[in-house]
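Just so you know, the sequences run in chain order X and A.
Residue numbers for the first sequence follow my numbering, so the first one is 96 and each next one is one higher.
Residue numbers for the second sequence follow my numbering, so the first one is 94 and each next one is one higher.
By construction, the Cβ of each residue, glycine as well, lies at the ideal position given by its N, Cα and C atoms.
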Amino acid sequence: MSSSLIEFSHVTKAYGALLANEDLCFRVSKGELHAIIGENGAGKSTSMKLLFGLESVTSGEIRFKGAPKKWNSPRGAMDAGLGMVHQHFMLSPVHTALDNVILGREFGHSKAKATRLLPSLGLIDRVTIRRDLESLSKSAGFNIPWDEKVENMPVGLQQQLEIAKLLYAGVDVMILDEPTAVLSPDETETFLQMMKNLNQQGRTIIIITHKLKEVKSIADHITVFRRGKSVASVPKQDVSIQDMADLMVGRHVNLGEIKRSANTPGESLLTVESLTLGRAGTKNKLSDISISVKEGQIVGLAGVEGSGQTDLFNTILDPRRFSKMTDGRQVINILGRDGDTLTASDIRRLPIGVVPADRLREAVLPDESLLENDLLGHDHEFASWAVLGGQWLDRRSAKGRLLNELKTFDVRPSDPDAKLGGFSGGNQQKFVMARELSRNPKLILCAQPTRGVDVGSIEQIHGELIARRDAGAGVLLISSQLDELMALSDIIHVMFEGRIVASFKRGEFDEGKIGVAMGGGGR
Amino acid sequence: MKIHRIWTILKPAFFAMVSVMLGLLVGSLLAMLAGEDPIKIIQVIISGAFGTAHDRGMVIYFTTILIATGLAVAIPFQAGVFNIGAEGQTLIGAMSCALLALFLPDALPSWLAICLCFAAAIIAAGVWGGIAGGIRAFRGGHEVIGSIMLNFIAAGVTGWLVVGKFQSSDSQNPETAMIPENLKLARFEMFDGAPATLAILASLIAAALFWVVIEKTRAGFRVKVVCQSPDAAQVAGYSVPQVRFWAFFAGSAACGLAGAAMVLGEAGRFRMEMSEGFGFLGIPVALLGRGRPVGVVLSAFLFAALHHGASALDIEATKVTRDLAQVIEAVVVIFVVAQVRLSHSRGAI
Chain X
96 MSSSLIEFSH
106 VTKAYGALLA
116 NEDLCFRVSK
126 GELHAIIGEN
136 GAGKSTSMKL
146 LFGLESVTSG
156 EIRFKGAPKK
166 WNSPRGAMDA
176 GLGMVHQHFM
186 LSPVHTALDN
196 VILGREFGHS
206 KAKATRLLPS
216 LGLIDRVTIR
226 RDLESLSKSA
236 GFNIPWDEKV
246 ENMPVGLQQQ
256 LEIAKLLYAG
266 VDVMILDEPT
276 AVLSPDETET
286 FLQMMKNLNQ
296 QGRTIIIITH
306 KLKEVKSIAD
316 HITVFRRGKS
326 VASVPKQDVS
336 IQDMADLMVG
346 RHVNLGEIKR
356 SANTPGESLL
366 TVESLTLGRA
376 GTKNKLSDIS
386 ISVKEGQIVG
396 LAGVEGSGQT
406 DLFNTILDPR
416 RFSKMTDGRQ
426 VINILGRDGD
436 TLTASDIRRL
446 PIGVVPADRL
456 REAVLPDESL
466 LENDLLGHDH
476 EFASWAVLGG
486 QWLDRRSAKG
496 RLLNELKTFD
506 VRPSDPDAKL
516 GGFSGGNQQK
526 FVMARELSRN
536 PKLILCAQPT
546 RGVDVGSIEQ
556 IHGELIARRD
566 AGAGVLLISS
576 QLDELMALSD
586 IIHVMFEGRI
596 VASFKRGEFD
606 EGKIGVAMGG
616 GGR
Chain A
94 MKIHRIWTIL
104 KPAFFAMVSV
114 MLGLLVGSLL
124 AMLAGEDPIK
134 IIQVIISGAF
144 GTAHDRGMVI
154 YFTTILIATG
164 LAVAIPFQAG
174 VFNIGAEGQT
184 LIGAMSCALL
194 ALFLPDALPS
204 WLAICLCFAA
214 AIIAAGVWGG
224 IAGGIRAFRG
234 GHEVIGSIML
244 NFIAAGVTGW
254 LVVGKFQSSD
264 SQNPETAMIP
274 ENLKLARFEM
284 FDGAPATLAI
294 LASLIAAALF
304 WVVIEKTRAG
314 FRVKVVCQSP
324 DAAQVAGYSV
334 PQVRFWAFFA
344 GSAACGLAGA
354 AMVLGEAGRF
364 RMEMSEGFGF
374 LGIPVALLGR
384 GRPVGVVLSA
394 FLFAALHHGA
404 SALDIEATKV
414 TRDLAQVIEA
424 VVVIFVVAQV
434 RLSHSRGAI
């Protein structure tokens, strides 16, 4: 029986009336690779913030090495040997990798300060720190370029740097929050291997994630969160991926493939030919992109984040503005109209549904009611009083329409006056899908449709997209989830550094090959 | 639920009242430190503002102006841009109004001429502010810098015009000649000669129009979206620069009402620096009114009463002067601003 290093005992965390964590009970043993899984908003990150001293426990107790934990701040947690890598990296982009490690511990370990000359004079001893880091790199398997600025480093290396910071600080319990969310499949592979190594060297590792396959491949022990509670805490071999999904959601989830009709693609709805986007003197954001979306077709765009998918998406949304940044060779045709003449406002008057990637920033106004949010991008549909140039906004008819929409798409609560920010991620996204799809668009531009959405809603959103495709709509789908793209798309184009580097038809999808292309290989 | 909704409506008004009370409290404490009786100070301010019919008329006149300059700040604020150029916009509006009044043919009916003078003031003020708004919206230059610099330029240009070319021949002062008698707005008789005129109606209509546009029209909806999330506005197909520009233009145009009220309602001519800081006072008016139409009207009235009431301190009090009003105004604004911070940080949790 291994001794438990960290123990959550009936831990509850309340924010006012909201319970972010309720009666959490689980143990992490020393030297264990422990995965915490659960849907968005299940309280995973909150529980780790409690452990790390970023938030304080409302009731219950967290024990560390058998005694109640003593620290109430991250600084205290770090002194006790805990370290955390947050979902959003805490790096200074304009400094080098080396300086980012030094930041906050300019004089090395506290013992070094007394014994070494430069630190005792209050000077930074870069040479010694660098030597320490290089030997650390060797044992952990990092390949960090220490003199490169962070902003020039790929995300995978930035993450290694975050981990290096922890190791340099002498951490032996590492907490990682959604570490693979931003990584390409290749980088993920490297990362998982590194975690195994560090684990074998004796470090205790806690990973928060919702990627079940990764959990299955590396974790020793799995704790499942649902609605703030820990519903299971079991050794890996006791659960299957299907079990984990069901435990997370609380009912049986269909992980299998969604049925689609075997239609043949019809007329072209969107064509982009030879699109190059960039400013003189800088690297092109897009190079020579050609794609087309036909009726009854879902076209997926795969790629690591920042490979140009967003630029392509934005260009299609506001083609006339972006045409000033092209080389002029491009031909864009959107629903039979010449793209170079269309403004953002023209686009939104065509039968096009738009689901942007960053929901809270681009798709909705979190502080406003559902009704106001339903008008966003669609206010022209409720224009009345032609004498005033149709400037009057007819909210009454908008409300009637919205009520139907909410019912059809099962958005809960279906109250037009409720503030959108109070809805769960899943219901927010269902609302956005409802707003865009209830207008029966011919073309759907859809980015990250299930980001931050619970497993149950993912099922529904995927089903809806397939249904639209079967009914003859065309969909351009951007996603960082390869599983999602492979489940939905008829064609997948892989983007890397602003180019389309590979294309696959349905039936030829191969996770390995797509993954290699996403990393820039196989060209 | 219902109580909650009523509270969300009343909350800003409640906090504004608290700010005003705290402002008065700090003001009277300061007066006490200076050796005055704080109760007496408050009494002097109140009777100074409302004691006589003439006082009440003056308060109405100042309210007229402060609604306009308050709107000049509040309207652009709805689109997330900050206009602190009301001072200059008021001067340009007043100057244009006076010059047109001087050069319009006598044959025109008075009502038409007055309307034209108002229109000239509104358009000129709007265009002047539109320069700063345009620089912000289309070029990204900061509107605070732009609008404050335009204040200096407006003061300089209008001053130069009335010292030289358009200076009245029978005046030693830097001011234009008097405008024709039939263009002056009639003063309400009940206020004992104070410059309370129908211009107050123009200001109230402007505030009402502001409410209708923001709450009921598509343009107002777009303004709201641009303020809350330019990114969402972009995806929704709204032009962020255009919305910002026109909000800035509309706000600046409101200053034309202040300028016209000064020229047609009070002075009967343009005088150098006749805006007298009322443009700047529009900023606290808008802040205390939370940028909302009703709030702006109420806080304009309050600041007008404070402004006029405090002038009685010069005579009635020995140890403090009307400058105490500025201290009170500043304290009120500081409390308002502090609450904004507070509610934001609460919302973030």
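{"Query": "Within chain A, partners of X:Ala-439 - CB distance below 9 Å", "Result": "Gln-327, Val-328, Ala-329, Gly-330, Tyr-331 and Ser-332"}
{"Query": "Under 8 Å by beta carbon: chain A residues contacting X:Val-459", "Result": "Ala-325"}
{"Query": "Which of helix, strand or coil DSSP assigns to A:Ile-177", "Result": "coil"}
{"Query": "Segments assigned beta strand (DSSP E), at least 3 residues, entirely inside the stretch 440–466 of chain X", "Result": "447–450"}
{"Query": "Burial state of A:Trp-253, where buried means 16 or more other Cβ atoms lie within 10 Å", "Result": "exposed"}
{"Query": "Coil, strand or helix - X:Tyr-263 by DSSP", "Result": "helix"}
{"Query": "Option in X:Ile-386, X:Ala-314 and X:Gly-472 with minimal Cα separation from X:Ser-363", "Result": "X:Ile-386"}
{"Query": "Sequence-distant residues of the same chain with beta carbon closer than 6 Å to X:Ala-612, five excluded per side", "Result": "Val-589, Val-596 and Ala-597"}
{"Query": "Within-9 Å CB hit, A:Arg-311 to chain X", "Result": "yes"}
{"Query": "Classification of X:Lys-139 by the beta-carbon crowding that lies within 10 angstroms, buried from 16 upward", "Result": "buried"}
{"Query": "For A:Pro-377, the first and last residue of its enclosing alpha helix (DSSP H)", "Result": "371–381"}
{"Query": "For X:Leu-572: DSSP bridge partner residues", "Result": "X:Gly-395 and X:Cys-541"}
{"Query": "Cross-strand partners of X:Val-319 (DSSP beta bridge)", "Result": "X:Ile-132 and X:Ala-327"}
{"Query": "Between the CA atoms of X:Asp-549 and X:Gly-434 - distance to the nearest angstrom", "Result": "36 Å"}
{"Query": "Ranges of the alpha helix (DSSP H) found wholly within the stretch 124–184 of chain A, counting only runs of at least 4", "Result": "131–143 and 146–171"}
{"Query": "Partners in chain A for X:Val-449, counting only beta-carbon separations shorter than 8 Å", "Result": "Val-328"}
{"Query": "DSSP state of X:Glu-246 mapped onto helix, strand, coil", "Result": "helix"}
{"Query": "Residue nearest to X:Trp-480 in terms of C-alpha spacing, selected from A:Val-425, A:Val-113, A:Ala-146 and A:Thr-310", "Result": "A:Thr-310"}
{"Query": "Neighbouring residues, chain A, relative to X:Leu-91 (Cβ below 7 Å)", "Result": "Past the edges of chain X, shown from 96 to 618, lies residue 91 of chain X, and the structure says nothing about it."}
{"Query": "Sheet register partners of X:Thr-107 (DSSP bridge)", "Result": "X:Ser-154"}
{"Query": "Below-9 Å beta-carbon distance, A:Gln-321 vs any chain X residue", "Result": "yes"}
{"Query": "Distance, X:Pro-188 Cα to X:Leu-445 Cα", "Result": "41 Å"}
{"Query": "Per-residue burial, X:His-105 [other beta carbons within 10 Å of its own, 16 or more giving buried]", "Result": "exposed"}
{"Query": "Simplified DSSP assignment, three categories, for X:Lys-525", "Result": "helix"}
{"Query": "Touching by the beta-carbon criterion (3+ pairs, under 8 Å), the stretch 216–234 of chain X and the stretch 181–197 of chain X", "Result": "yes"}
{"Query": "Contact list for X:Arg-443 against chain A, beta-carbon separation under 7 Å", "Result": "Ala-329 and Gly-330"}
{"Query": "Reference A:Phe-202, options A:Ala-351, A:Trp-100, A:Ala-398 and A:Glu-274, closest by Cα", "Result": "It should be noted that the sequence gives Pro, not Phe, for residue 202 of chain A. Nearest option by C-alpha distance: A:Glu-274."}
{"Query": "Per-residue contacts from A:Cys-318 into chain X (C-beta, under 8 Å)", "Result": "Here residue 318 of chain A is Val; the residue named in the question, Cys, does not match the sequence. Per Cβ cutoff of 8 Å: Leu-460 and Leu-471."}
{"Query": "X:Leu-455 vs X:Pro-511 beta-carbon contact at 9 Å", "Result": "no"}
{"Query": "Minimum C-alpha distance to X:Glu-457 - residue among A:Ala-347, A:Ile-421, A:Ala-329 and A:Gln-432", "Result": "A:Ala-329"}
{"Query": "Residue interval of the alpha helix (DSSP H) (run including X:His-347)", "Result": "Taken as a continuous stretch (DSSP letters only), X:His-347 belongs to no alpha helix (DSSP H), as it is neither H nor E."}
{"Query": "Simplified DSSP assignment, three categories, for A:Ser-438", "Result": "Residue confidence for A:Ser-438 is low, a pLDDT of 38 falling below 50, so the modelled location carries little weight; the figure read from the coordinates is stated next. Here A:Ser-438 sits in helix by DSSP."}
{"Query": "Three-state secondary structure (DSSP) of A:Val-429", "Result": "helix"}
{"Query": "With 16 other Cβ atoms within 10 Å as the buried cut-off, status of A:Tyr-154", "Result": "buried"}
{"Query": "Counterpart residues of A:Glu-268 in DSSP-defined beta bridges", "Result": "A:Arg-364"}
{"Query": "Beta-carbon neighbours of X:Ala-542, restricted to chain A and to distances below 7 Å", "Result": "By Cβ distance, chain A contributes nothing, its closest Cβ being about 10 Å from X:Ala-542, past 7 Å."}
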